[in-house]
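Here the structure comes first, spelled out in structure tokens, and everything after it is commentary.
Protein chains in written order, with this note's numbering: chain A, 1477 to 1752; chain B, 229 to 465.
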């Protein structure tokens, strides 16, 4: 296995982080269940059908949506297609080398994909040109420009905002050949999945871990909530386990917190709309 | 919706808490340090463990054995031929299986070594990652890797609005929720947790408890399989 792509934490620093967590604070001074400051900027890439930049603390992510055409999958002839891809760019940190996505990037993309798909936020039945023949494919590409932990939430928010603000030119079939029209439609959005990631470090559960905290964490749990507070996707990561009671605590805390984040996402989108 | 559970029976005749037929075997691959074979529903999966083997490769650790895991599906394991190249799904599953097993193992006895876990799915059915974990854990025990507890995994799901244990392929594809979970029961610990589909927080907690009960049954089968290799012959004498 490749060595961990992250900072080596000295024992002194580790003790500092653990001491801080024991006292109920992240190493950056936040309460354990508080998130770092979030900046969400929709629409920063003009050529993309939808886009967003998200900064979660110093974690810096851009998501872009492009819409293409393809034939539908045989088992879902009446649905458009979603493809999520993520890449941690070599800009993200001194530990990141260029190259094809490694297992961490693939996991990241698949967890973001699951959050989008299972929250049913995009109505794929509306992304059909001709059933069984021609549908729209929605590509969500996530580029991690700067790394400071919790890529899951930052990438998820960026992808969600990029999708919610996306609009694209429709196609129609002329003699069976797709032709681009001048009609622009908005991405059919019916819900919004909010991702929250917790880390277990020793006996402490903390929301939104920084990179240093992730480097010494035992396990991680990401939970995605729909608008009604139902769980719609989860993923545990890390080589340690989670006590069953910790998992139950996490899903309860998540349920109490997801609305705050949801509000921030909706506000950012509204601000961007009124600004333009 | 509405045809996966009829009169409390599922499409394959099981009740909501019943596991599919489960067969576990230890020591199925001769050359491996430890190995196992599992049949769970239509899943047919071999696991071979090699190592801990000394390595000076880039990526080993001075503190503990480093685990590598490959979950791979044979091209003939699915309805449509599966390309033998590892898919993104297989890469992700390899990672979560490794994570699910690693917390059960005591690896600091083997610094500067590699421990390889090869999972080969010969035939896939619903819950192949869970079956792989249950089998890999006894393969690791067979290899003599010290561990805190066995790990067993099962998928719970929601089908026609009802929580059910051990999803079949059909229930996985047509049901509302798929929630694979792995446990270290002695430690009250969850080592794998993934979820697709919608359920309330209360339903989720109920599902975890149901999975735990199912895991207890699987653990009995694991112990039986290990016992068969290591104790039965002694008992006969």
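Glycine included, every Cβ here is placed at the ideal spot set by N, Cα and C.
Check: Where residue 1516(A) sits in the DSSP three-state scheme; Outcome: strand
Check: Where the beta strand (DSSP E) containing residue 1711(A) begins and where it ends; Outcome: 1707-1713
Check: Partner residues on chain A for residue 418(B), Cβ-Cβ distance less than 8 Å; Outcome: 1712, 1717, 1718, 1719, 1720, 1723
Check: Burial state of residue 1515(A) (16 or more Cβ within 10 Å); Outcome: exposed
Check: Cutoff 7 Å; reference residue 1705(A); Cβ partners in own chain excluding five residues on either side; Outcome: 1731, 1734
Check: Residue 349(B) at chain A interface by Cβ criterion, 8 Å; Outcome: no
Check: Strand pairing of residue 1680(A), partner residues [DSSP]; Outcome: 1677(A)
Check: Three-way DSSP call (helix, strand, coil) for residue 1658(A) in this model; Outcome: strand
Check: Cross-chain neighbours of residue 421(B) in chain A, by beta carbon under 8 Å; Outcome: 1697, 1710, 1711, 1712, 1718, 1723
Check: Chain B contacts made by the stretch 1555-1583 of chain A, where a contact means CB separation under 7 Å; Outcome: 1579, 1582, 1583
Check: Length-filtered (4 minimum) alpha helix (DSSP H) runs lying within the stretch 379-435 of chain B; Outcome: 397-402
Check: Burial state of residue 248(B) (16 or more Cβ within 10 Å); Outcome: buried
Check: With 16 other Cβ atoms within 10 Å as the buried cut-off, status of residue 1478(A); Outcome: With a pLDDT of only 45 at residue 1478(A), under 50, the local geometry of the prediction cannot be trusted, and the value read off the model is given with reservation. So residue 1478(A) ends up on the exposed side.
Check: Rounded straight-line distance, which links the Cα of residue 1652(A) to that of residue 1696(A); Outcome: 49 Å
Check: Three-state secondary structure assigned by DSSP to residue 1571(A); Outcome: coil
Check: Simplified DSSP assignment, three categories, for residue 360(B); Outcome: helix
Check: Contact with chain B by residue 1488(A), beta-carbon distance below 8 Å; Outcome: no
Check: Simplified DSSP assignment, three categories, for residue 1549(A); Outcome: coil
Check: Outcome for residue 343(B) when other beta-carbon atoms lying within 10 angstroms are tallied against a minimum of 16; Outcome: buried
Check: Proximity to residue 1633(A) [Cα-Cα], best of 1591(A), 1604(A), 1606(A); Outcome: 1591(A)
Check: Rounded distance between the beta-carbons of residue 1498(A) and residue 1680(A), thought under 8 Å; Outcome: 7 Å
Check: Residue burial classification, residue 1612(A) (beta-carbon count within 10 angstroms, cutoff 16); Outcome: buried
Check: Nonlocal neighbours in the same chain, by C-beta distance under 6 Å from residue 322(B), ignoring five residues either side; Outcome: 297, 298, 299
Check: Inside the stretch 304-362 of chain B only - alpha helix (DSSP H) runs reaching at least 4 residues; Outcome: 316-330
Check: Buried/exposed call for residue 1625(A), threshold 16 Cβ in 10 Å; Outcome: buried
Check: Proximity test, Cβ basis, 8 Å: residue 1683(A) and chain B; Outcome: no
Check: Residues of its chain near residue 1536(A), where Cβ-Cβ distance is below 7 Å and the 5 sequence neighbours each way are ignored; Outcome: 1621, 1622
Check: Residue from 430(B), 285(B), 301(B), 293(B) whose Cα sits closest to the Cα of residue 272(B); Outcome: 301(B)
Check: Residue 389(B) at chain A interface by Cβ criterion, 8 Å; Outcome: no
Check: Contact under 8 Å by Cβ, residue 1709(A) with residue 1594(A); Outcome: yes
Check: Cutoff 8 Å: residue 354(B) Cβ touching any chain A Cβ; Outcome: no
Check: Pair within 8 Å by beta-carbon distance, residue 278(B) and residue 261(B); Outcome: yes
Check: Spatial neighbours of residue 336(B) in its chain, beta-carbon cut-off 7 Å, leaving aside the 5 residues before and after; Outcome: 291, 292
Check: Alpha carbon of residue 1547(A) to alpha carbon of residue 1602(A), nearest angstrom; Outcome: 15 Å
Check: Environment of residue 313(B) [buried if 16+ CB atoms lie within 10 Å]; Outcome: exposed
Check: Contacts of residue 415(B) in chain A (Cβ-Cβ under 9 Å); Outcome: 1717, 1719
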